[in-house]
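All remarks here apply to the structure that follows.
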Amino acid sequence: MDHIRLATVWLGGCSGCHMSFLDLDEFLIDLAMKVEVVYSPIADIKTFPENVDVTLVEGAVANDEHLHQLALIRRNSRIVIAFGDCAVTGNVPSMRNPLGSALPVLNRSYKEIADINPQIPSNDGIVPTLLDQVRPIHDIIKVDMFLPGCPPSAARIRAAVEQLLAGQATGLSGSDLRFG
Numbered sequence: 041m042d043h044i045r046l047a048t049v050w051l052g053g054c055s056g057c058h059m060s061f062l063d064l065d066e067f068l069i070d071l072a073m074k075v076e077v078v079y080s081p082i083a084d085i086k087t088f089p090e091n092v093d094v095t096l097v098e099g100a101v102a103n104d105e106h107l108h109q110l111a112l113i114r115r116n117s118r119i120v121i122a123f124g125d126c127a128v129t130g131n132v133p134s135m136r137n138p139l140g141s142a143l144p145v146l147n148r149s150y151k152e153i154a155d156i157n158p159q160i161p162s163n164d165g166i167v168p169t170l171l172d173q174v175r176p177i178h179d180i181i182k183v184d185m186f187l188p189g190c191p192p193s194a195a196r197i198r199a200a201v202e203q204l205l206a207g208q209a210t211g212l213s214g215s216d217l218r219f220g
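For my numbering, add 40 to where a residue sits in the sequence shown, where the first one is 1.
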């Protein structure tokens, strides 16, 4: 593949994977000659486009907005990569799962520790509705490649991107598939 349309997405996570992507340093200059970044929180593009070759999805699925975004990403992307441990396993965002539902988190965040006006936001468009269970992205859509790490190292990201640019089959298994 000579030139790819690349998107990166940030769901429920810390943005560490995007920071690790930026750690590619001077390779980003080489990459800029071979890819077109068509969507990314780094580029601040508002609408996810059609005909994306590769989408790196960072973060776990934690709210209803993420569900809608993932459906659009899968429909418009040829290759979807679970980018980092949150996307691969749910990782830290899924630590609320043993609470059973989103309600204990909402009560704690918006009522118990509120300084003024303790109430859970309920108007549409203010706060996306939290899912009762945080999920890795492969629970919601088909994922073509897993790129684990918290965050994945710049070297691991570069190796995966170079494979994609070379048109090689990608994937990690065995000793390459480590978490954290």
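All residues carry an ideal CB built from backbone N, CA and C; glycine is no exception.
Segment limits, alpha helix (DSSP H) that includes residue i
{"i": "asparagine 116", "result": "104-116"}
{"i": "isoleucine 44", "result": "No alpha helix (DSSP H) contains isoleucine 44, which is instead part of the beta strand (DSSP E) from 44-50."}
{"i": "aspartate 232", "result": "Here the chain has residues from 41 to 220 only, and residue 232 is not among them."}
{"i": "threonine 95", "result": "Premise fails: threonine 95 lies in the beta strand (DSSP E), 92-98, not in any alpha helix (DSSP H)."}
{"i": "asparagine 147", "result": "143-147"}
Own chain partners of residue i with C-beta closer than 6 Å, once the 5 adjacent residues on each side are dropped
{"i": "leucine 170", "result": "Asn103 and Ala142"}
{"i": "arginine 136", "result": "Val145"}
{"i": "isoleucine 222", "result": "Given that the chain is displayed from residue 41 to residue 220, the structure contains no residue 222 and the question cannot be resolved."}
Backbone CA spacing between residue i and residue j [nearest angstrom]
{"i": "valine 92", "j": "proline 81", "result": "16 Å"}
{"i": "glycine 52", "j": "aspartate 179", "result": "14 Å"}
{"i": "aspartate 184", "j": "glutamine 208", "result": "13 Å"}
{"i": "glutamate 152", "j": "glutamine 173", "result": "21 Å"}
{"i": "histidine 58", "j": "phenylalanine 123", "result": "9 Å"}
{"i": "asparagine 147", "j": "glutamine 159", "result": "8 Å"}
{"i": "valine 222", "j": "cysteine 54", "result": "Examination of residue 222 is not possible in this model, given that the chain is present from 41 through 220 alone."}
{"i": "isoleucine 119", "j": "valine 49", "result": "13 Å"}
{"i": "glycine 140", "j": "serine 134", "result": "11 Å"}
{"i": "valine 75", "j": "arginine 45", "result": "6 Å"}
{"i": "leucine 107", "j": "isoleucine 181", "result": "9 Å"}
{"i": "asparagine 163", "j": "glutamine 109", "result": "20 Å"}
{"i": "isoleucine 69", "j": "alanine 111", "result": "31 Å"}
{"i": "serine 149", "j": "asparagine 157", "result": "12 Å"}
Residue burial classification, residue i (beta-carbon count within 10 angstroms, cutoff 16)
{"i": "alanine 127", "result": "buried"}
{"i": "alanine 221", "result": "Because the chain is modelled from 41 through 220, residue 221 falls outside the range shown and cannot be assessed."}
{"i": "glycine 165", "result": "exposed"}
{"i": "aspartate 125", "result": "buried"}
{"i": "serine 193", "result": "exposed"}
{"i": "proline 144", "result": "exposed"}
{"i": "proline 161", "result": "exposed"}
{"i": "alanine 200", "result": "buried"}
Reduced DSSP secondary structure (H/G/I, E/B, other) of residue i
{"i": "leucine 64", "result": "coil"}
{"i": "valine 128", "result": "helix"}
{"i": "alanine 122", "result": "strand"}
{"i": "cysteine 57", "result": "helix"}
Own chain, CB closer than 8 Å to residue i, minus 5 neighbours either side, in chain order
{"i": "alanine 47", "result": "Val77, Val78, Tyr79, Ser80, Phe88, Pro89, Val92, Val94, Thr95, Leu96, Ile113 and Ser117"}
{"i": "arginine 196", "result": "Leu187 and Gly189"}
{"i": "arginine 198", "result": "Leu64 and Phe67"}
Nonlocal neighbours in the same chain, by C-beta distance under 7 Å from residue i, ignoring five residues either side
{"i": "glycine 130", "result": "Ala100, Val174, Arg175 and Pro176"}
{"i": "alanine 72", "result": "none"}
{"i": "glutamate 168", "result": "For the record, residue 168 in the displayed sequence is proline; it is not glutamate. Excluding residues within five positions, the ones whose Cβ falls inside 7 Å are Asn103, Asp104 and Glu105."}
Enclosing beta strand (DSSP E) for residue i [first to last residue]
{"i": "threonine 169", "result": "Taken as a continuous stretch (DSSP letters only), threonine 169 belongs to no beta strand (DSSP E), as it is neither H nor E."}
{"i": "glutamine 204", "result": "The sequence given here places leucine at residue 204; glutamine does not occur at that position. Element bounds for leucine 204: not the beta strand (DSSP E) but the alpha helix (DSSP H), 194-205."}
{"i": "valine 75", "result": "75-79"}
{"i": "leucine 187", "result": "185-187"}
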